[in-house]
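Peer 1: Just dropping this structure here.
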Amino acid sequence: MAKRNNTEWLDKALDVFKTGSGTVGPCTRQVVCSAEPTTFTEGNATYMLANVTMAGADFTIANGDGAGNTPRKVTMSSKSGVSVANSGTATHVALLDVTNSKLLEVTTCTSQVLTAGNTVTIPAWKIELGAPT
Amino acid sequence: MRVRADVPFKVGRWCAEAGRHYEIPERAAYVVAHGWATELPDDDPAPYETIPREMLGADAPRPAADGVTLEVQSITHGIAVSNVGG
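Residue numbers (this note's numbering), protein chains in the order written: chain A, 1 to 133; chain B, 1 to 86.
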């Protein structure tokens, strides 16, 4: 026997990034960091190597890629030619809600040296809410 | 061969940044010939990064007009639902 959920509430959670809900979201900035940020300030300033503005159109909510009933995902669109503000080695990418000074989500990236004055491309990536287990 | 990248370019999984110095085991002549990098003497004193051969793959180098591209790991949040009474 399988477990199942209604995808509408999963989408409500994912929509925080795209539209926001109450005092959290939407995501308005994506940052590349030299270490794992644990606070908004660490993501927005302390560890920030590059940053790019995000808007609602940069988030696409759809069925997830995993198995089961029924995963949903939000995909962040690719951002190319992002100016590198600070030199360092990129290890993390984070999503920020600048209006509410909140760190929304942090993921990792393969280590890549970045030099101030050059540019970087952040490829599309996703956050998936898996099917219940 | 020791080179200085003059513009961003990509070789396999490696992305070269403009202005940085690298020691690359192969395809250095290719990127120099295409004007993406400048050959440096082997004893050039500037700091450099050695690129492992396994990062280069078999494909030809290509320009990276948008700069280096990160490899970002996507996230999957599991949803654990307990059994009734669990």
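All C-beta atoms in this analysis are idealised placements derived from N, C-alpha and C, irrespective of residue type, glycine included.
Whose Cβ in chain B lies nearer than 9 Å to the Cβ of L104 of chain A?
Peer 2: Going along chain B, no residue has its Cβ under 9 Å from L104 of chain A, so there is no contact; the nearest lies around 11 Å.
Peer 1: Would DSSP call A90 of chain A helix, strand or coil?
Peer 2: Three-state DSSP puts A90 of chain A in a strand.
Peer 1: For K18 of chain A, which of A:T53, A:P123, A:A2 has the nearest alpha-carbon?
Peer 2: Per the Cα distances, A:T53.
Peer 1: What does P63 of chain B pair with, by DSSP beta-bridge criteria?
Peer 2: Answer is B:F9.
Peer 1: Whose CA, out of B:G85, B:R2, B:A80, lies closest to the CA of E39 of chain B?
Peer 2: It is B:R2 whose Cα lies nearest to the Cα of E39 of chain B.
Peer 1: Does the count of Cβ pairs from the stretch 29 to 37 of chain A and the stretch 14 to 33 of chain B closer than 8 Å reach three?
Peer 2: As far as the Cβ criterion goes, the stretch 29 to 37 of chain A does not touch the stretch 14 to 33 of chain B, which means the pair count is below three.
Peer 1: Alpha carbon to alpha carbon, how far is W36 of chain B from D43 of chain B? Give it in angstroms, no decimals.
Peer 2: Roughly 21 Å between the two C-alpha positions.
Peer 1: Whose C-beta lies closer than 7 Å to the C-beta of Y47 of chain A among residues of the same chain, with five residues either side of it excluded?
Peer 2: Here the set comprises C33, S34, A35, P37.
Peer 1: Which residues in chain B sit within 9 Å of G130 of chain A, going by Cβ to Cβ distance?
Peer 2: Chain B residues near G130 of chain A: T76, H77, G78, I79.
Peer 1: Could you compute how far the alpha carbon of H15 of chain B sits from the alpha carbon of V120 of chain A?
Peer 2: First, the amino acid is wrong: residue 15 of chain B is Cys here, not His. Straight-line Cα distance between these residues: approximately 10 Å.
Peer 1: Just list the residues that DSSP pairs N51 of chain A with in beta bridges.
Peer 2: Bridge partners of N51 of chain A: A:V31.
Peer 1: State the start and end residues of the unbroken alpha helix (DSSP H) segment that holds K73 of chain A.
Peer 2: It is not in any alpha helix (DSSP H) - K73 of chain A instead sits in the beta strand (DSSP E) that spans 72 to 76.
Peer 1: If you run the structure through DSSP and keep just helix, strand and coil, what is K18 of chain A?
Peer 2: In this structure, K18 of chain A counts as helix in the three-state DSSP scheme.
Peer 1: Check the Cβ of V3 of chain B against every Cβ in chain A and list those closer than 8 Å, keeping chain order.
Peer 2: Going along chain A, no residue has its Cβ under 8 Å from V3 of chain B, so there is no contact; the nearest lies around 15 Å.
Peer 1: Report the residue from A:V16, A:S77, A:N86 whose alpha carbon sits nearest the alpha carbon of D58 of chain A.
Peer 2: It is A:S77.
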